[in-house]
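Notes for the one structure printed next.
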Amino acid sequence: MSTPRYVHIILTMAGLLGLLLSVDGCTEDNLFEMGGISTLDIPANFPDMPVPDDNPMLPERIELGRALFFDPILSVDSSVSCASCHKPEWAFTDHASFSAGVEGRLGFRNAPTLANVAWAPVMLMDGGSPTLEQQVYVPLEDPHEMDFNMVLLTERLSANTYYTQRFQAVFGTAPDPFGITRALAAYQRSIISGNSRFDRYARKEPGATLTESEERGRELFFSPELSCSSCHNGFHFTSWEFINNGLYTDYGLDSGRARITAQPNDVGKFRVPTLRNIAVTFPYMHDGSLPDLEAVIDHYDNGGQGHPNQDARIKPLGLTSEQKTDLLHFLYTLTDNQFLRNTSLVE
Ligand code: HEC
Ligand code: HEC
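Here our numbering is used: position 292 in the sequence shown is 276, and no number is missing along the way.
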């Protein structure tokens, strides 16, 4: 139990062929070490990663996806990349309430972390996109994000020597929507975070301890009275349910899950977010309206604003200031510094 489980992905012939055919500096890339065996470090306390049959986790796909993820060539005026809003050093978020897309245009939601996105059963806070492959179309075509489209992107990449060679080596074709979406999704599945201090403590690794305050915070978090862990649970600290946590009495234009279902009882419901790396992913909530974790704890302590769809578990908690501090200290233990400094995820 105490050592991480290393999942070895044996490269198929396609992988070896990709290595032979690749024209540029693949040799310097450690994904290709060990004679074509790629190692994805999936922590011992995680379930198996769901991977679609048509998109195996081949290292050369992951690498091509990484190149695309960091390249502003994906936006209409070549000014914005995926990484403009999903910055690796901040767990693939940014620190804006609403991130700026092309020409500084602002969207209406806060950029979420992409850590462990491979395990998300549906994409987006309202569940509006079914898979990681499909989700690529959302930022690409949103006028507030990249304001481009798949047809024009395919043409642009086909006129680019670097990408025509890379797609030929990886997919055996010119750049096309299949390859673009598969590569980006494969890269994003490689964004894995499970080595916070709390993980090491939970796995009972040698020397992994919590301070007394963190330990009290842990007990509060998992207690039936606070019930944080009835929603933020499992290996990724989310039940993946759509819940109204009482942020507003009037959700205005962003009705959350109801945007997809058009059901009044879904107004103000958002997919429960992970709490992994929560200390670095501020500001908080779907609209980035709470600036820090103190404000989040106060929100729960106050018991929510009382929207008709507010979940019954959100109720006044009567926390002392010491309990608030303990809870805060526990949340800080969920930061995975190794992940935040993982240079293999960065172009
Ligand atoms: C202008 C900022 C911006 C850019 C550029 C951007 N994103 Fe996002 N991303 C967001 C925001 C905001 C959300 C939350 C949207 C929602 O939930 O409705 C999001 C959500 C996502 C999600 C869903 C995560 C989840 O847990 O459901 C994925 C995956 C994602 N982005 C990947 C990408 C990729 C890949 C690109 C580049 C092709 C990209 N993003 C470009 C801001 C951005
Ligand atoms: C009934 C389910 C539920 C309970 C109980 C609950 N939460 Fe949440 N939590 C949510 C939902 C849903 C959101 C997202 C709401 C939104 O985006 O508007 C959220 C958001 C958060 C966020 C912000 C995450 C981000 O990335 O923006 C933090 C931090 C958080 N909760 C911590 C806690 C703590 C600490 C407790 C216990 C005191 C708790 N939650 C109890 C459902 C719950």
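Backbone N, C-alpha and C define an ideal beta-carbon position, used for all residues, glycine too.
Predicted, not measured: the structure shown is a model, and the values here were computed from it.
- Placement of the Cβ of residue 93 at a distance of less than 7 Å from at least one heavy atom of ligand 1 is found.
- In the DSSP assignment, residue 113 is bridged to 107.
- Beta-bridge annotation (DSSP): residue 121 is not paired with any residue.
- Taking a contact as a CB-CB distance under 8 Å, the pair residue 176 and residue 100 counts as one, their CB atoms being some 6 Å apart.
- When 315, 167, 126 are compared, the shortest CA-CA separation from residue 35 is found for 167.
- With fewer than 16 other Cβ atoms inside 10 Å of its own Cβ, residue 282 counts as exposed.
- A Cβ-Cβ separation of about 13 Å leaves residue 96 out of contact with residue 106 under the 8 Å criterion.
- Sequence-distant partners of residue 83 (beyond 5 residues in either direction) whose C-beta falls short of 6 Å from its own C-beta, in its chain, are 69, 95.
- A straight-line Cα-Cα distance of about 12 Å links residue 269 and residue 235.
- Residue 215 has its Cβ no nearer than 7 Å to any heavy atom of ligand 1.
- For the pair residue 300 and residue 290, the CB atoms are not nearer than the 8 Å cut-off.
- Distance from the C-beta of residue 271 to the nearest heavy atom of ligand 1 is not below 7 Å.
- Just measuring C-alpha positions, the residue of 154, 132, 158, 133 sitting nearest residue 144 is 158.
- Residue pairing of residue 188 in beta bridges, as defined by DSSP: absent, with no partner found.
- About 11 Å separates the beta carbons of residue 317 and residue 261, which is beyond the 8 Å limit, so they are not a contact pair.
- A Cβ-Cβ distance of about 5 Å is found for the pair residue 46 and residue 174, placing them in contact under the 8 Å criterion.
- Residue state for residue 201 is assigned as helix, using DSSP reduced to three classes.
- By the Cβ-count criterion, residue 222 is buried, with 16 or more other Cβ atoms from all chains shown falling within 10 Å of its own Cβ.
- Between residue 321 and residue 178, the gap from beta carbon to beta carbon reaches 8 Å or more.
- Contact between residue 310 and residue 200 holds: CB atoms are separated by about 4 Å, below the 8 Å threshold.
- DSSP lists 226 as the bridge partner or partners of residue 255.
- Residue 271 and residue 109 have their C-alpha atoms spaced approximately 11 Å apart.
- Within 10 angstroms of the beta-carbon of residue 77 lie 16 or more other beta-carbons, which makes it buried.
- Judged by the Cβ position, residue 69 qualifies as a neighbour of ligand 1 at the 7 Å threshold, a heavy atom of the ligand being closer than this.
- Beta-bridge annotation (DSSP): residue 240 is paired with 253.
- Excluding residues up to 5 positions away in sequence, 58, 59, 60, 64, 85, 86, 123, 124 lie with their Cβ nearer than 7 Å to the Cβ of residue 130 in the same chain.
- Distance from the CA of residue 276 to the CA of residue 163, rounded to the nearest whole angstrom, comes to 39 Å.
- Going by DSSP, residue 214 is part of the alpha helix (DSSP H) stretching over 212 to 215.
- For residue 216 against residue 256, the beta-carbon gap comes to about 6 Å, under 8 Å, which counts as contact.
- A heavy atom of ligand 1 is found nearer than 7 Å to the CB of residue 66.
- Only residues of its own chain outside the window of five on either side were considered, and among them 198, 201, 202, 205 have a CB closer than 6 Å to the CB of residue 314, listed in chain order.
- Counting C-beta atoms within 10 angstroms of its own C-beta, residue 142 has fewer than 16 neighbours from the protein chains shown and is therefore classed as exposed.
- Burial of residue 250 is indicated by the presence of at least 16 other C-beta atoms within 10 angstroms of its C-beta.
- Relative to ligand 2, residue 211 has its C-beta within less than 7 Å of a heavy atom.
- About 7 Å separates the CB atoms of residue 51 and residue 150; that is less than 8 Å, so the two are in contact.
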